[in-house]
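Chemist: Each residue of the sequence shown is one higher than the last, beginning at 22 in my numbering.
We treat Cβ as the ideally placed atom computed from N, Cα and C, and that holds for glycine.
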Amino acid sequence: MQVIYHNRNRKPASEAALGVRYVPRDELLATADYVVLVVPLTKETTSLIGRAELALMKPTASLINIARGAVVDKDALTEALAARRLASAALDVTDPEPLPRDHPLLKLDNVIITPHLGSATEQTRLKMAEMSVENLLAGLAGKPLPFQVKP
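(1) Mapping DSSP to helix, strand and coil, what is Arg-72?
(2) Note down, one range per segment and in chain order, each alpha helix (DSSP H) of at least 4 residues found wholly within the segment 69-157.
(3) Can you tell which of Thr-145, Ala-97, Pro-119 and His-124 has its C-alpha closest to the C-alpha of His-137?
(4) Figure out for me which residue from Leu-147, Lys-79, Val-170 and Pro-125 has the closest Cα to the Cα of Glu-48.
(5) In angstroms with no decimal places, state the Cα-to-Cα distance between Leu-98 and Val-56.
(6) Rounded to whole angstroms, what's the CA-CA distance from Ala-108 to Ser-83? Just pull it up for me.
(7) In whole angstroms, what separates the C-alpha of Pro-61 from that of Thr-115?
(8) Could you give the first and the last residue of the continuous alpha helix (DSSP H) run that contains Leu-49?
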């Protein structure tokens, strides 16, 4: 499988180490069989994928969103999937979360929506608890927090 990627900043070291190729965003959307969204939710990434971006994708392509729900315009995605202009979507997140039970996206046979449980393993939850305790102890001791969430 040939892996292509797009990022605000090209990563030559990663390209060499992983054998991946950087492409402009529109080229990625037009050529990829699977588009996987892995971005933070920011002002710049809100509605990153809308009607124009979905129109660039091949009708055989699949969109996979593991970022945040608001990264994808759900109405535009619903339209593209219903019209079969996009083969499928897999969503680990939606906006809002959960979707209202009567939302048209839930009625489509070419979408999979999971309940955003990627971090629900026992090991991950244990590590999250340990990090929380480390932050609490550092805060109580007046020390910098070792696991800060940066805006």
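Modeler: On the basis of the data shown:
(1) Residue state, collapsed to three classes: helix.
(2) You should have 72-77 and 95-103.
(3) Answer by Cα proximity: Pro-119.
(4) Taking the Cα of Glu-48 as reference, the smallest distance to any Cα among Leu-147, Lys-79, Val-170 and Pro-125 is reached at Lys-79.
(5) For Leu-98 and Val-56, the distance between alpha carbons rounds to 13 Å.
(6) One C-alpha to the other measures close to 6 Å.
(7) Straight-line Cα distance between these residues: approximately 14 Å.
(8) From DSSP, the alpha helix (DSSP H) with Leu-49 extends over 46-52.
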